[in-house]
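All residue numbers for the sequence shown refer to the numbering used here, where the first residue is 2 and numbers rise by one. What follows is one structure encoded as structure tokens, with my remarks underneath.
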Amino acid sequence: DWEQGATSNVSRGRAIRGGCVAGDEGGVYEFGISALVRYGKSEDRVIADEIRSTVKLDWNPASDFSPFSYVSVGRDRIRKLDLRANGGVGARWTFFRGARDGSKASFSLASILDYEDFRLDAGSTEAETQTALRWSAHFKFDHAFESGATFRHIMFWQPQVNRFGDYVVEMS
């Protein structure tokens, strides 16, 4: 399977977000490779500049419980991240599957290693690199409409193992 998409809408500016996903679904395993490019400009000022790639492997994805692993690498110039790499292993529980419409909802927990290399201003006293062991809690909901349109909601919460006040949250 191969998917791709692009969007553009920012008030009084332009943003481009595109990506693609390639993988094998429906067997004993599910392997996927994805890429994301995000760039935005408003009033001649760059407001988004990110590139990210992910490789994932799910074992027995049609089961209610399935183990998985992934690795993700990217950079985000707005956040001054020259490199962010993370990867981990975990298990997913698919607790709802719609009988007719292809809807499904899942929750997963994983242990991940997160590495960040920052681009610092001259004279900065902050650490240039950070490595953290994190937990990852992930909720995902997919719904397919009769028209063929699909809806997907994903939410991550990734606190550090030893400091829950240091966390990453992402929703899409």
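Ideal Cβ placement from N, Cα and C applies to all residues, glycine included. These figures come from a predicted structure and were not determined experimentally.
What is the DSSP secondary structure of residue i, reduced to helix, strand or coil?
i	result
Asp-115	strand
Phe-97	strand
Leu-121	coil
Ser-73	strand
Ala-133	strand
Ala-92	strand
Phe-142	strand
Asp-167	coil
Ser-104	coil
Lys-81	coil
Ala-63	coil
Using a Cβ-Cβ cutoff of less than 7 Å, which residues in the same chain neighbour residue i once the five nearest sequence positions on both sides are dropped?
i	result
Val-56	Ile-34, Tyr-71, Val-72
CB-CB under 6 Å to residue i, same chain, minus the five flanking residues each way: which ones, in chain order?
i	result
Val-169	Gln-159
Lys-141	Ser-107, Ile-155
Arg-78	Asp-50
Gly-75	Ile-52, Arg-53, Arg-85
Asp-143	Lys-105, Arg-153
Need the endpoints of the beta strand (DSSP E) that residue i sits in, please.
i	result
Val-47	46-60
Phe-157	151-160
Which residues in the same chain have their Cβ closer than 8 Å to the Cβ of residue i, if we skip the five residues on either side of it in sequence?
i	result
Ala-138	Phe-108, Ser-109, Leu-110, Phe-157, Trp-158, Gln-159
Thr-130	Tyr-116, Glu-117, Asp-118, Phe-119
Ala-183	No statement about residue 183 is possible, as the shown extent of the chain runs from 2 to 173 and does not include it.
Glu-127	Phe-119, Leu-121
With DSSP as the reference, please indicate the residues paired to residue i in a beta bridge.
i	result
Val-29	According to DSSP, which records beta bridges pairwise, Val-29 is partnered with nothing at all.
Ser-109	Arg-93, His-139
Does any residue of chain C bring its CB to less than 8 Å from the CB of residue i?
i	result
Thr-130	Looking at the structure shown, chain C is missing, and only one protein chain is on hand.
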